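Notes to accompany the following structure.
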Amino acid sequence: MKLRDISAWKQLEAHRGELSATLMRDLFAKDPGRADRMTLRLGDMVVDASKHRATDDTLRLLEDLARERGLEAHRDRMFRGEPINETEGRAVLHVALRDPSSRAYLVGGRDVGPDVREALKHVRDFSDAVRSGAHRGFAGARITDVVNIGIGGSDLGPVMVTEALRPYRGGSGEAWKGDAPLDVHFVSNVDGTHLAEVLRRVKPETTLFLVASKTFTTQETLTNAISARDWFLSAAKDAAHVAKHFVALSTNAEQVTSFGIDPANMFVFWDWVGGRYSLWSSIGLSIALAVGFDNFRALLDGASAMDEHFRTAPLESNIPVRLGLLGVWYASFWEAQSHAVLPYDQYLHRLPAYLQQADMESNGKRVQLDGTLLDVDSGPIVFGEPGTNGQHAFYQLIHQGTKLVPCDFIAPIQSNNPSGKHHRILLANALAQTEALMRGKTEEEVRAELATKKMSPEELEKLVPHKVFPGNRPTTTILVERIDPRTLGALIALYEHRIFVMGSIWGINSFDQWGVELGKQLAQKIEPELDPSLQPATGHDASTNALIEEVKRRMTPA
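Per our numbering, residue 5 is the first one in the sequence shown, and the count goes up by one each step.
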């Protein structure tokens, strides 16, 4: 059935028409209890969804749509380990990676809990050995630097988390106040510059490399890993030393061993762990090395708490459900083409990039599970920057542009670096932006403001339209006590489940990513054709053939 033929969808389309001329500032003026009623809480997390083009009726209709689309049943199938990733025949059980309980998670009738606990123990034992100095390099020196070589989910999640938890690199439960005992670096781009710049900052005898590739065949990752190994051996000389300085986050024991890595230092994960949901698995070894295993465990515990909330809370009080339904509301009913994630915390500066993959790779789909084309818009373009930087960049478009851009404002009430009035000013800006986007500024308000200025009536009228803010721009405000491991885990899991809700409503598979394949296949064909000794390329369109020849003429030989 087409989505537009569903009863709840039709009701929402009619309701959207009714709200087209409704202003949020008027809704607040008429309803003093609106903010309190539309704010949800979990622990110290406060999620204010009152600054939206929505009423109680809107939320009720969206919840009716969720029920009609079988959201709760789909959620329960995920938690049971059923193969909801239907195009790849796989379960989707990243929730099992972070559950500290003994609840059984079945894949093919087998409880995977013991495997998860064994893999976590492996991560704990190794990260403790490296951080304590028990695991040393070939020259007997303590490891001082870790280089994670991966791409996509094997990079974006660990990068984001290690940056977000930089204050916790001491490994204790309290924020670290000194120098981090390990410097953790990340290499993802196959552009040799990325690896070269990292290698300039480290020493072979004190560096540990993590090669993160489930199949150990990912072209970009293996190219970087081989170059890193060559660099290492130019100093270490003996290939046997590779085993002390390289570990693998993989499932391909044969290829790992062939590379020179000790199979005992191969950290496993499973095909029911999607790449963009893998930071909770052995892929998170870089996180455990950076902040210590106890903090890594706290990250998992925070995510698990959000999992349990998502699994058990009624739709009307379920935070991921609320945010996911509002995401569908704007993308499919208001033609919002983008979604901004705006963290007011510098440590979260990589969160928007992480969520770009999590959201756009998950819900950037045009067909439903049965192969039929969607008849509505689906996943939005996700972007963002930390506040207040973004205010001096793209907020102009959000405030006065022609595009509707729903925004999430994320702010910790306590700073990990309290200093004078800095954090107070930061929070004031975050709260002010949500108010400004909601209220706007009318022509009458602009005229009243300009009337106090010394200008002629003609000058005033000429300036008025440029200073009008239409307002009515939707925002969600997420407040937390501070960005610590547990809170960060809950925040990431919130967005994971928000994405799940949206994909479930649209009836798409949020857990495959066939869209990344075609370009990779063509790149494998083109790469050998860039050999200058070969005849001119003819196997592509005229543009690509010409570009191949242009590159061949001007490229430095390998």
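Even glycine gets a Cβ: it sits at the ideal position worked out from N, Cα and C. From a predicted model like this one, the values you see are computed outputs, not experimental measurements.
Query, Result
"What three-state label does DSSP hand D349 in the structure shown?", "coil"
"Excluding the 5 residues flanking G368 on each side, which residues of the same chain have their C-beta closer than 8 Å to its C-beta?", "S382, G383, G519"
"Measuring alpha carbon to alpha carbon, tell me which residue in R73, S11, M49, P36 is nearest L319.", "R73"
"Note down the Cα distance separating P347 from I414, rounded to an integer number of angstroms.", "5 Å"
"Take the Cβ of L75 as the centre, count every other Cβ of all protein chains shown within 10 Å, and call the residue buried at 16 or more, exposed below.", "buried"
"Does the Cβ of E500 have 16 or more other Cβ atoms within 10 Å, making it buried, or fewer, making it exposed?", "buried"
"By alpha-carbon positions, which one of T392, P410, A229 ends up nearest to A436?", "T392"
"What did DSSP end up calling M49 once you bin it into helix, strand or coil?", "strand"
"For the candidate residues E439, Q372, V151, whose alpha-carbon lies nearest to that of T91?", "Q372"
"Within a Cβ cutoff of 6 Å, which residues of the same chain sit near R29, ignoring the five residues on either side of it in sequence?", "R443"
"Is there contact between the segment 291-300 and the segment 103-122, where contact requires at least three CB pairs shorter than 8 Å?", "no"
"Can you tell which of V325, A70, R38 has its C-alpha closest to the C-alpha of S11?", "A70"
"Using the Cβ count rule (16 or more neighbours within 10 Å means buried), how would you classify I287?", "buried"
"Under the three-state reduction of DSSP, which class applies to R114: helix, strand or coil?", "strand"
"Just curious, the alpha helix (DSSP H) that I265 is in, first and last residue?", "First-last for I265: undefined, no H or E at that position."
"Extract the residue ranges of the alpha helix (DSSP H) inside the segment 397-445, only unbroken runs of 4 or more that lie entirely within it.", "399-404, 426-443"
"For Q378, name the three-state secondary structure that DSSP assigns.", "The question names Gln, but residue 378 is Leu in the sequence shown. Note: L378 maps to coil in three-state DSSP."
"Thinking C-alpha only, which one of V386, R233, A340 is nearest L359?", "V386"
"Would you mind giving the Cβ-Cβ distance between P410 and A357, rounded to the nearest angstrom? I have them listed as a contact below 8 Å.", "The Cβ separation is near 19 Å, so there is no contact."
"Where in the segment 263-345 do unbroken runs of the alpha helix (DSSP H), each at least 4 residues long, occur, reported from the N-terminal end onward?", "289-295, 297-316, 323-332"
"What are the start and end residues of each continuous beta strand (DSSP E) run of 3 or more residues lying completely inside the segment 176-255, in chain order?", "187-191, 211-216, 250-253"
"Based on the DSSP secondary-structure assignment, which residues constitute the bridge partners of L483?", "V50, A415"
"Pull up the CB-CB distance for L110 and R84, whole angstroms please, since I reckon it's below 8 Å.", "7 Å"
"Counting C-beta neighbours from all protein chains within 10 Å, is the total for H56 16 or more, i.e. buried, or is it exposed?", "buried"
"Alpha carbon to alpha carbon, what distance is there between A143 and E209?", "6 Å"
"Go ahead and label S508 buried or exposed: buried means 16 or more other beta carbons lie within 10 angstroms of its beta carbon, across all protein chains shown.", "buried"
"Thinking just about the alpha-carbon of each residue, which of L467, M310, M270 is nearest to the one in T219?", "M270"
"Give a yes or no on contact between the segment 416-434 and the segment 479-496, applying the rule of three or more CB pairs nearer than 8 Å.", "yes"
"Just verifying my parser: in three-state terms, what is the DSSP assignment at T43?", "strand"
"What distance in whole Å lies between the Cβ atoms of L46 and H313, which are believed to be in contact at a cut-off of 8 Å?", "5 Å"
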